[in-house]
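Just below is one structure, and these are the notes that go with it.
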Amino acid sequence: MAFEKELKVAQLAVARASILTKLVFAEKAKGTISKEDKSPVTIGDYGAQALIIAAIKHNFPQDEVVGEEEASSLREQQDLSSKIWNLVKDAKLSDAESDKLLGGPIKSEDDMLTAIDAGNSAGGAKGRIWALDPIDGTKGFLRGGQYAVCLALMVDGDVKVGVLGCPNLPIDDSEPLKEDMGTAANDKEGYGVLFSAVQGEGARSQALTRGAVSEGHPISVKKITDVAQAVMCESVEAGHSSKGDNAEIAQKLGVTGKPVQMDSQAKYGSVARGAGDIYLRLPVRKDYQEKIWDHAAGDLIVREAGGQVTDIHGNRLNFSIGRTLRDNKGVIATPANIHAQVLKAVGEVLQAKM
Ligand code: AMP
Ligand code: MG
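If you're matching positions, the sequence shown starts at 1 in UniProt numbering and goes up one per residue.
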């Protein structure tokens, strides 16, 4: 199989980083980490980014990484930095061989900061570049709702490998989405799923664990014969996607079920496994440029599961022009057979507002 090692490293790195994010959440719940400020997010974000980049650089030293975070401000906050280091140095997988593949623990606090800084690639159309969102859906993370650890490998601007760790989604692919998916505290048994895809090889899922990864099992989007029966999913944050437009589009399509709201690329994972069907992300602000780390892994996983992902104009997402998707506006992810119908409804609703 192509990209076998890249896939394995990515899956294990995401799993190891998820151990850290879960620990941060637990510490927050205990009150060990302040809940008042954003520090759980900061600590989890930096820590997860360090763990993942260290694993990538250990295995593929020449590869670049487009990461959401950078460490310059962290270098000036010794307190915060050592707090993060205390969690990072102990985050490890329970399977020794897997942990060894990731290079074992990071050696020092300085190495941790160096790893975080290595997420500074400008992106682009040449070479091997990873796109990393250490905690996508920070609001969901704080709430105990949905968030995702997201990692994708692009080669010459094309996404080849995508991995999503979703600690608070059900393991069971056939479990329907519930309305409270974005708010329920799902950090418990039966939850935690690892989605992955390699271009041309399909999409798969498996339980997100501390141990070795398995082959998982294939997932696919739901076969929709009547679009009115589709389950829609959207952001929790009104500032990230226009809910009013979504509602009008749902009405046009005859969808009467309430949209399921959840943060993060858990939406892409849900569409890919057939739990959700239509993920709409309609621009709220004309000038907002979507970030590649918010979409690269999910885009591939949905497409490999039999879905189609475009922007509101029907264009494929273009990951080859830097850190943002400045050629695209919004996102429409659906099973391939209903994409044209959904795209048309989106066009009609948005056109009427121009
Ligand atoms: P979600 O959890 O799907 O609502 O998306 C979370 C992501 O939305 C974050 O990672 C941000 O990068 C991104 N984001 C921030 N501001 C906006 C905006 N105005 N429009 C769309 N996405 C945004
Ligand atoms: Mg994000």
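C-beta atoms are modelled at their ideal positions from N, C-alpha and C, and glycine is treated no differently.
Which value, in whole angstroms, describes the spacing of the CA atoms of residue i and residue j?
| i | j | result |
| --- | --- | --- |
| Ser108 | Lys89 | 8 Å |
| Gly182 | Asp111 | 35 Å |
| Asp95 | Asp63 | 25 Å |
| Gly322 | Leu169 | 30 Å |
| Val14 | Thr256 | 36 Å |
| Ser220 | Ile171 | 15 Å |
| Leu325 | Arg75 | 30 Å |
| Glu6 | Gly276 | 28 Å |
| Tyr191 | Asn318 | 32 Å |
| Leu282 | Thr310 | 12 Å |
| Lys223 | Ala333 | 14 Å |
| Glu304 | Gln77 | 42 Å |
| Phe141 | Ser18 | 11 Å |
| residue 408 | Gln341 | Shown here, the chain extends from 1 to 354; a query on residue 408 therefore has no answer. |
| Gln265 | Ala230 | 19 Å |
| Arg273 | Asp156 | 28 Å |
Just tell me which of the options has its CA closest to the CA of residue i.
| i | options | result |
| --- | --- | --- |
| Pro105 | Ala272, Ser320, Leu20 and Glu68 | Leu20 |
| Glu248 | Met354, Ala345, Lys126 and Ala118 | Ala345 |
| residue 379 | Lys28, Leu153 and Gly137 | Residue 379 lies beyond the residue range present for the chain, which begins at 1 and ends at 354; the question has no answer from this structure. |
| Ile84 | Ile116, Ala296 and Ile43 | Ile43 |
| Ala48 | Asn59, Thr32, Lys38 and Val24 | Val24 |
| Pro167 | Arg281, Thr209, Ser81 and Ile312 | Thr209 |
| Leu132 | Lys126, Val342 and Ala122 | Ala122 |
| Ser235 | Leu80, Met262 and Lys38 | Met262 |
| Ala228 | Gly274, His295 and Ile278 | Ile278 |
Using the three-state DSSP reduction, which class does residue i fall into: helix, strand or coil?
| i | result |
| --- | --- |
| Met181 | coil |
| Arg143 | helix |
| Ser196 | strand |
| Gly162 | strand |
| Gln62 | coil |
| Gly307 | strand |
| Leu7 | helix |
| Leu93 | coil |
| Pro40 | helix |
| Ala333 | strand |
| Leu102 | coil |
| Gly31 | coil |
Looking at the strands, I want to know which residues DSSP matches up with residue i.
| i | result |
| --- | --- |
| Ala148 | Asp136 |
| Thr324 | Lys291 |
| Gly127 | Paired residue(s): none; Gly127 is not in a bridge. |
| Glu234 | Gln261 |
| Tyr191 | Pro170 |
| Val155 | Arg128 and Asp158 |
| Gln206 | Leu194 |
| Arg281 | Val331 |
Can a CB atom of chain B be found closer than 8 Å to the CB of residue i?
| i | result |
| --- | --- |
| Asp263 | The chain inventory of the structure shown lacks chain B, comprising one protein chain alone. |
Residues around the ligand MG, please: the condition is that the C-beta lies closer than 5 Å to some non-hydrogen atom of it.
Asp133, Asp136 and Asp294
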